[in-house]
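Student: Just so it is clear: in the sequence shown, position 123 is 726 by my numbering, and no numbers are missing.
By construction, the Cβ of each residue, glycine as well, lies at the ideal position given by its N, Cα and C atoms.
Since we're looking at a predicted model, the values are computed, not measured.
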Amino acid sequence: MSLPIPDISHEIIFRTARSGGSGGQHVNKVETMVEGRWAVAHTRLFDDAQISRLLHALANRITADGDLLVKSQTERTQLGNKSEVIKKMNMLVHQALQPRKTRIATKASKAVHEKRLDAKKRNAGIKANRQWRNQNENY
Numbered sequence: 604m605s606l607p608i609p610d611i612s613h614e615i616i617f618r619t620a621r622s623g624g625s626g627g628q629h630v631n632k633v634e635t636m637v638e639g640r641w642a643v644a645h646t647r648l649f650d651d652a653q654i655s656r657l658l659h660a661l662a663n664r665i666t667a668d669g670d671l672l673v674k675s676q677t678e679r680t681q682l683g684n685k686s687e688v689i690k691k692m693n694m695l696v697h698q699a700l701q702p703r704k705t706r707i708a709t710k711a712s713k714a715v716h717e718k719r720l721d722a723k724k725r726n727a728g729i730k731a732n733r734q735w736r737n738q739n740e741n742y
């Protein structure tokens, strides 16, 4: 059974900016977009093995500074976007720390192999017959 994953919300550094997109004049004067940064390598919530797993799994979302970066501008309020960022980050960390099931290699059964070879022979016969007909139509 896996241990519960701690909440990282108190380690996130938030920054706000003006949201883009439609919204009229109000969007131009209110900073509702929230950007959250979390220093993955410097956290004290996880051990070294979990940190390396996080760095590997979230590599495409981690900046050159080593921060996990998540933005939200879907909500109309800064508070709503802040909670959205926290929720997204916790979800990403939770998914990254879940152990992946190893794939068990399987082999096709003999019956499936024979069925595939029979289908190939049948298809080859149809094409050979078609070629023979095309050659004999010309005479």
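1. Hey, quick one: how far does the beta strand (DSSP E) through Lys723 stretch, first residue to last?
2. What would DSSP say about Lys685, mapped onto helix, strand or coil?
3. Is Thr635 buried or exposed, if buried means 16 or more other CB atoms sit within 10 Å of its CB?
4. Over the uninterrupted alpha helix (DSSP H) stretch that includes Asp610, give me the two end residues.
5. Under a Cβ-count criterion, where at least 16 other Cβ atoms within 10 Å of its own Cβ denotes burial, should Leu682 be classed as buried or exposed?
6. Compute the beta-carbon to beta-carbon distance between Ile608 and Leu700, rounded to the nearest angstrom, for a pair I have assumed lies under 8 Å.
7. Check each candidate in Leu661, Ser622, Ile729 and name the one with the smallest Cα separation from Gly669.
8. When you compare the stretch 648–659 with the stretch 712–730, are there three or more beta-carbon pairs, one atom per stretch, that lie closer than 8 Å?
9. I'd like the span of the alpha helix (DSSP H) that includes Leu658, first residue to last.
10. So, for Thr619: in the same chain, excluding its five sequence neighbours on each side, which residues have a beta-carbon less than 7 Å away from its beta-carbon?
11. Given a threshold of 16 other Cβ atoms within 10 Å of its Cβ, counted over all protein chains shown, does Lys690 qualify as buried or as exposed?
12. On a CA-only basis, which of Ala711, Asn732, Lys685, Gly728 is nearest Ser612? Give me that one, please.
Tutor: Inspection of the coordinates gives the following:
1. Run containing Lys723: none in the beta strand (DSSP E); it sits in the alpha helix (DSSP H), 713–740.
2. Looking at Lys685 - three-state DSSP - the assignment turns out to be helix.
3. buried
4. Annotation: Asp610 is outside any alpha helix (DSSP H) and is labelled neither H nor E by DSSP.
5. That one is exposed.
6. 6 Å
7. Check the Cα spacing between Gly669 and each of Leu661, Ser622, Ile729: the tightest is with Leu661.
8. no
9. That run of the alpha helix (DSSP H) goes 651–660.
10. Glu634, Met636, Val637, Gln681
11. exposed
12. Lys685
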